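> In this note's numbering, the protein residues as written are 161 to 346.
Backbone N, C-alpha and C define an ideal beta-carbon position, used for all residues, glycine too.
Here the structure is a predicted model, which means the values were calculated and not measured.
Below is the structure I would like to discuss, written out as structure tokens.
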Amino acid sequence: MDLNIKNFIETGQVIKSGAAVYEYIHEITAETLPLVEELNTNLQTTASKKALLEKIMGKKLDDSTSVALPFRTDFGRHISIGKEVFINTDVLMVDLGSITIEDKVLIGSRAMLISVNHPQEPELRRGLILKPVHIKKNAWIGEGATILPGVTVGENAIVGAGSLVTKDVPDNATVVGVPAKVIKQD
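Below you can see the structure in the form of structure tokens.
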């Protein structure tokens, strides 16, 4: 991870539009988006799909992990995926603030993991605020769920389909709704 971007993730400072790091981000996205397009528009073998995903993420993907297409990301290099993970079709990962997916996670179709926000102040709104998303071991993210910046989904947790997760989800909890609320805690 680029040290300048890592600093913004750790401090929560706004990356202002026009800053050097902002331009660097756009350069990486310009490299990533054609790869994502190639991944999703050309017929892929298992090997070619894995190779493209590794190129997008800049790291190895374990053979036990499966990513169904289409798959969307804008930056790619700040995604970390563990072993025995299944990511279903049409999942979106906005990963500039980093997305960590631990082992044995299931992610349903059309789920969105978002690690970027914008300041509320109109004069700063084109800037970026980066907060990591962390999905812990054996969690299950339901179809169409949205995980917002700064959220950690706990080990063995379940996020119900269509839920909007704005706060951390405890280990072994089930959350549903908009916004998501705990309905079960083991």
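Specify, as a first and last residue, the run of the beta strand (DSSP E) that Ala333 falls within.
Counted from its first residue, the sequence shown places residue 333 at position 173. 333-336 is the extent of the beta strand (DSSP E) around Ala333.
> Specify, as a first and last residue, the run of the beta strand (DSSP E) that Val342 falls within.
As a first step, residue 342 must be located in the sequence shown, where it is residue number 182. That run of the beta strand (DSSP E) goes 341-345.
> Roughly how many angstroms lie between the CA atoms of Val329 and Ala271, to the nearest whole one?
For the purposes of this step, residue 329 is taken as residue 169 along the sequence shown, with counting starting at 1. For the purposes of this step, residue 271 is taken as residue 111 along the sequence shown, with counting starting at 1. Each residue's Cα considered, the two are about 16 Å apart.
> Please confirm whether Ile261 and Ile289 have their CB atoms less than 7 Å apart.
Numbered from 1 along the sequence shown, position 101 holds the residue referred to as residue 261. Numbered from 1 along the sequence shown, position 129 holds the residue referred to as residue 289. Cβ distance not < 7 Å, so Ile261 and Ile289 don't count as in contact.
> How about Ala340 and Ala317: do their beta carbons lie closer than 7 Å?
Position 180 of the sequence shown, counted from the start, is the residue given in the question as residue 340. Position 157 of the sequence shown, counted from the start, is the residue given in the question as residue 317. Result no, Cβ atoms of Ala340 and Ala317 do not sit closer than 7 Å.
> Can you tell me whether DSSP reads His294 as helix, strand or coil?
Taking the first residue of the sequence shown as position 1, residue 294 is located at position 134. Note: His294 maps to strand in three-state DSSP.
> Mind reading off the beta-carbon distance from His278 to Gly287? Whole number of angstroms is fine, and I expect it under 8 Å.
On the sequence shown, residue 278 is found 118 positions in, with the first residue counted as 1. On the sequence shown, residue 287 is found 127 positions in, with the first residue counted as 1. Between His278 and Gly287, the beta carbon gap of about 7 Å places them in contact (Cβ cut-off 8 Å).
> Give the list of continuous beta strand (DSSP E) stretches no shorter than 3 residues that lie fully inside the region 183-254.
231-233, 239-241, 251-254
> Expressed to the nearest angstrom, what Euclidean distance is found between the alpha-carbon atoms of Tyr182 and Ile295?
Working through the sequence shown from its first residue, we reach residue 182 at position 22. Working through the sequence shown from its first residue, we reach residue 295 at position 135. Between Tyr182 and Ile295, the C-alpha separation is close to 26 Å.
> Taking the alpha carbon of Asn200 as the reference point, which residue from Glu187, Ile216, Ile185, Ile188 has its own alpha carbon closest?
Position 40 of the sequence shown, counted from the start, is the residue given in the question as residue 200. Nearest of Glu187, Ile216, Ile185, Ile188 to Asn200, Cα basis: Ile216.
> Would the region 188-204 and the region 229-249 be scored as touching if the rule is three or more Cβ pairs under 8 Å?
yes
> Rounded to a whole number of angstroms, what is the C-alpha to C-alpha distance between Gly172 and Thr206?
Residue numbering aside, residue 172 sits at position 12 when the sequence shown is read from its first letter. Residue numbering aside, residue 206 sits at position 46 when the sequence shown is read from its first letter. If you draw a straight line from the Cα of Gly172 to the Cα of Thr206, it comes to about 38 Å.
> Can you check whether the C-beta of Lys297 is within less than 7 Å of a C-beta belonging to chain D?
Given the protein chain composition of this structure (a single chain), no chain D is represented.
> Just the Cα atoms here: how many angstroms apart are Pro292 and Asn202?
Counting from one through the sequence shown, the residue named residue 292 turns up at place 132. Counting from one through the sequence shown, the residue named residue 202 turns up at place 42. Those two C-alpha atoms are separated by around 31 Å.
> Does DSSP classify Asn277 as helix, strand or coil?
Numbered from 1 along the sequence shown, position 117 holds the residue referred to as residue 277. If DSSP states are grouped into helix, strand and coil, Asn277 belongs with the strands.
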